[in-house]
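Structure, as structure tokens:
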Amino acid sequence: MAQHDCEVQAVLGQAVILLTSSEERDNIVAVLLVTEFLNSHDLTQYMSRKSMDNCLSLSLKNPNQLVRAMSLKGLRSIRMHPKKVGLLQNWLNRLLDSFLTPEPQDLMGLMKIVGDILCHLGVQGVGAFSLQIAQNLRPLFDDDREDVRGGAIFLYGNVIYSGGRRYQPALRKHAFWSLVPLLFHLADSCPAVVTKTKFTFLRCAILLKWEFRKELFSRLAWGHGVGAESDIFMYMVESNFTNHHQFFMQALIYLSSPHKNLKLTAMKFIGGILQDYFGSLCFSLKTDDVKTLRKQFEVLKQEHDSVSRKFYHNHLDDIIELSQSVTR
Numbered sequence: 001m002a003q004h005d006c007e008v009q010a011v012l013g014q015a016v017i018l019l020t021s022s023e024e025r026d027n028i029v030a031v032l033l034v035t036e037f038l039n040s041h042d043l044t045q046y047m048s049r050k051s052m053d054n055c056l057s058l059s060l061k062n063p064n065q066l067v068r069a070m071s072l073k074g075l076r077s078i079r080m081h082p083k084k085v086g087l088l089q090n091w092l093n094r095l096l097d098s099f100l101t102p103e104p105q106d107l108m109g110l111m112k113i114v115g116d117i118l119c120h121l122g123v124q125g126v127g128a129f130s131l132q133i134a135q136n137l138r139p140l141f142d143d144d145r146e147d148v149r150g151g152a153i154f155l156y157g158n159v160i161y162s163g164g165r166r167y168q169p170a171l172r173k174h175a176f177w178s179l180v181p182l183l184f185h186l187a188d189s190c191p192a193v194v195t196k197t198k199f200t201f202l203r204c205a206i207l208l209k210w211e212f213r214k215e216l217f218s219r220l221a222w223g224h225g226v227g228a229e230s231d232i233f234m235y236m237v238e239s240n241f242t243n244h245h246q247f248f249m250q251a252l253i254y255l256s257s258p259h260k261n262l263k264l265t266a267m268k269f270i271g272g273i274l275q276d277y278f279g280s281l282c283f284s285l286k287t288d289d290v291k292t293l294r295k296q297f298e299v300l301k302q303e304h305d306s307v308s309r310k311f312y313h314n315h316l317d318d319i320i321e322l323s324q325s326v327t328r
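Here it is in structure tokens:
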């Protein structure tokens, strides 16, 4: 709410009045609103820290447990203690260095701490760190450990919204390049990873302002089987109509994935692009792209599993035709 330009002054004023109400329901609604507005960097324009401190301190005596808990959370907010921002940013900077070590220790613990710091800092406090975190998380999407890739994918969904307006363009670009990996992890062998991927995939679609966001939500929430897969594929490709070739080239990497589900999904995706957007590929791909494509396909011919070999033979003519059509 505080991040979407609502009428802070009017709503905040009403919330403060409701905190003194004798109705428990009013108190709960009010304290939730007040603590939400602590995420707004404009808060001190409408209410001094001292007044906010007094307001929340009085609510610590409220008979309702939720009101007391939320009041305590508000009193611990960085908006009430601005000096915490620099300390948390320094700590976050040191944690980011830990991602760059050859074999980071306790990745799950590291991501948990980073996530907690993001919550405390809010949009205004994270800033440039958001893009660094996103860049560090992206390689972990394909980690062999289910908990690590699930944790990285879920945290990524929060990170892309943590940079504020200044860094949103860069985060949008990064989210775009994460679409193919996320799409494929919707078919991950781990159900928990699939659930977390749905959350992040939808958040990317919202950030990128896709045309079919409502339909995508419906399919991610309740869709199953080939029909849902086909629809999600269509929503993604049609919402990025001029980027078929970029998705196509990204997907090629997954043809050599050790994860069977990801490899199979990549084959379906590549086959769908070849079938539905062949003309676009002929226009958009370059000769170096086709060389990469042929190299990846030749590997499939040598695979032991029949699915890979069948995919190779089914699309060999398409690859040959692409090679002849692309001359740039």
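Going by full-length UniProt numbering, the sequence shown wraps up at 328, each residue one higher than the last.
Glycine is no exception: its CB is placed at the ideal position from the N, C-alpha and C atoms.
Remember, it's a predicted structure, so these values are computed and weren't measured experimentally.
{"Asked": "Boundaries of the alpha helix (DSSP H) in which Ala205 is found, first to last residue", "Found": "Pro191 to Leu207"}
{"Asked": "Own chain, CB closer than 8 Å to Leu300, minus 5 neighbours either side, in chain order", "Found": "Leu255, Ser308, Arg309, Phe311 and Tyr312"}
{"Asked": "Where Lys310 sits in the DSSP three-state scheme", "Found": "helix"}
{"Asked": "Beta carbon of Leu252 nearer than 8 Å to that of Leu316", "Found": "no"}
{"Asked": "Whole-number beta carbon distance between Asn27 and Val67, since they are thought to touch under 8 Å", "Found": "5 Å"}
{"Asked": "The region 202 to 209 / the region 254 to 269 touching (three or more Cβ pairs under 8 Å)", "Found": "no"}
{"Asked": "In chain order, each alpha helix (DSSP H) run of at least 4 residues that lies wholly inside the region 110 to 175", "Found": "129 to 137 and 146 to 159"}
{"Asked": "Contained alpha helix (DSSP H) runs [length at least 4] in the region 41 to 90, N- to C-terminal order", "Found": "43 to 46, 49 to 59 and 65 to 75"}
{"Asked": "Contact under 8 Å by Cβ, Phe184 with Ala266", "Found": "yes"}
{"Asked": "Residue span of the alpha helix (DSSP H) that contains Gln302, given as start and end", "Found": "Careful: Gln302 lies outside any alpha helix (DSSP H) and carries neither H nor E."}
{"Asked": "8 Å contact criterion, which Gly150 and Lys196 should meet: CB distance rounded", "Found": "5 Å"}
{"Asked": "Residue interval of the alpha helix (DSSP H) (run including Ile232)", "Found": "Gly225 to Glu238"}
{"Asked": "Endpoints, the alpha helix (DSSP H) within which Leu38 is located", "Found": "Taken as a continuous stretch (DSSP letters only), Leu38 belongs to no alpha helix (DSSP H), as it is neither H nor E."}
{"Asked": "Three-way DSSP call (helix, strand, coil) for Phe212 in this model", "Found": "coil"}
{"Asked": "Cβ pair count under 8 Å reaching 3, the region 212 to 231 against the region 152 to 169", "Found": "no"}
{"Asked": "As assigned by DSSP and simplified to three states, the class of Gln250", "Found": "helix"}
{"Asked": "Rounded straight-line distance, which links the Cα of Asp289 to that of Gln74", "Found": "One detail in the question is off: residue 74 reads as Gly in this sequence, not Gln. Straight-line Cα distance between these residues: approximately 53 Å."}
{"Asked": "Straight-line gap, His174 to Ile17 (C-alpha atoms, nearest Å)", "Found": "43 Å"}
{"Asked": "Alpha-carbon to alpha-carbon, Gly279 and Met319", "Found": "This sequence places Ile at residue 319; Met is not what is there. Those two C-alpha atoms are separated by around 13 Å."}
{"Asked": "Beta-carbon spacing of Gly115, Leu155 below 8 Å", "Found": "yes"}
{"Asked": "Terminal residues of the alpha helix (DSSP H) in which Ala10 lies", "Found": "Val8 to Leu19"}
{"Asked": "Residue from Leu107, Ser306 and Gln132 whose Cα sits closest to the Cα of Arg145", "Found": "Leu107"}
{"Asked": "Test item: CB-CB of Ser59 and Leu19 under 8 Å", "Found": "yes"}
{"Asked": "Reference Gln250; option with closest CA among Gly223, Thr287, Ala228 and Gln296", "Found": "Gln296"}
{"Asked": "Span separating the alpha-carbon of Arg76 from that of Ala69", "Found": "11 Å"}
{"Asked": "Straight-line gap, Ser178 to Ser323 (C-alpha atoms, nearest Å)", "Found": "27 Å"}
{"Asked": "Closer than 8 Å to chain C by CB, Ala221", "Found": "Structure shown: chain C not included; a single protein chain is present."}
{"Asked": "Euclidean distance between Cα positions of Lys286 and Gln275", "Found": "19 Å"}
{"Asked": "Cα-Cα separation between Ala192 and Asp147, rounded to whole angstroms", "Found": "8 Å"}
{"Asked": "Length of the line joining the Cα atoms of Ala2 and Leu12", "Found": "Bear in mind that the predicted position of Ala2 carries a pLDDT of just 46, short of 50, making it unreliable; the figure below should be weighed with that in mind. So the alpha carbons of these two residues sit roughly 10 Å apart."}
{"Asked": "Where Trp222 sits in the DSSP three-state scheme", "Found": "helix"}
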